[in-house]
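A short worksheet on the structure shown next.
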Amino acid sequence: MRLVLLGPPGSGKGTQADLLASQLGFVHYSTGEVFREQISQGTELGRWVESYVARGALVPDEVVLAVVEEFIRQHGQQSIAFDGFPRTVPQATGLDELLKRQSAQVDRAVLIDLSDDEVVRRLSSRRQCRNCSRIYNLSFSPPKNASVCDVCGGELYQRADDQEETIRSRLRVYAEQTSPLIDYYKQQGKLVRLDGSLGRDRVFADLKQLVEQLR
């Protein structure tokens, strides 16, 4: 099974992909994580990715799709949850072509809906440890002390990209990129919407029900 998880920053795509992996046996594909893995392993693909990342350039679709193709090849017949990929219609068509060569397809694209104001509330409440990088949310998963990491005692801070002005800018970019992608999967009859405001457990219950219907 191949699921694409869509949604604005802060909607919980990564959390839901982790739950699919830990509870339902999916493999979690996150572009950033896979990029870092390829770079750390020193693979040819990793060096290719690093040549763009090192100079702050956008990694072109052909490189992203080459990384995705290798990931799919490595994981064979396992179910995959694509988290934050594809981001554009060209990437979506590229993914369809990759999967078609393996007699597979995207089974559903799951859009985790969340209002802009709720995204701002969630992300502006996020804090990260300067030492171990653990992430907390002052609203949902607060540390015992608002300024100190529970795990290592490091200082907690608010990342620049979690400030309201930056968040709203990211939301504008997300809307521009993702609206055509939503239409793409809607036209294929594969789009499913889930209400992200209901919280992690309720969203996962709905997602689990969808997976069970598809299996």
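Just so you know, we're using full-length UniProt numbering here: the sequence shown kicks off at 1 and counts up by one.
Even for Gly, the Cβ is constructed at its ideal location relative to N, Cα and C.
Bear in mind the structure is a predicted one, so any value in this text is a computation, not a measurement.
The criterion of a C-beta distance shorter than 7 angstroms is satisfied by L123 and G10. Residue range 2 to 6 is occupied by the beta strand (DSSP E) that includes L6. Residue environment for G189: exposed (fewer than 16 other C-beta atoms within 10 angstroms of its C-beta). Per the coordinates, the alpha-carbon of V67 lies some 13 angstroms from the alpha-carbon of Q41. Measuring C-alpha to C-alpha distances from S115 to each of R36, L24, S51, R168 identifies R168 as the nearest. In terms of Cβ geometry, V120 and E164 form a close pair [threshold 7 angstroms]. The C-alpha of R87 lies about 10 angstroms from the C-alpha of E176. Per DSSP, reduced to three states, the secondary structure at A81 is strand.
Contact check for A109 against L19 fails: the beta carbons are separated by 7 angstroms or more. Between F26 and S79, the C-beta gap is smaller than 7 angstroms, which places the two residues in contact. In the displayed model, D116 falls within a helix according to three-state DSSP. For L198, the closest C-alpha among the options Q23, A92, K208, I112 is that of I112.
Assignment of D161 by DSSP, reduced to helix, strand and coil, places it in the helix class. Residue pairing for D195: DSSP places it in a beta bridge opposite D113. In the DSSP assignment, Q91 falls outside any beta strand (DSSP E) and lies within the alpha helix (DSSP H) extending over 89 to 100.
Residue burial annotation: D117 is exposed, with fewer than 16 other C-beta atoms found within 10 angstroms of its C-beta.
One alpha carbon belongs to Q77, the other to E70, and they sit about 13 angstroms apart.
Counting along the chain, Q128 sits inside the beta strand (DSSP E) bounded by residues 126 to 129. Taking the Cα positions, Y184 is about 14 angstroms away from E97. Taking C-beta atoms as the reference points, Q158 and R127 count as a pair closer than 7 angstroms.
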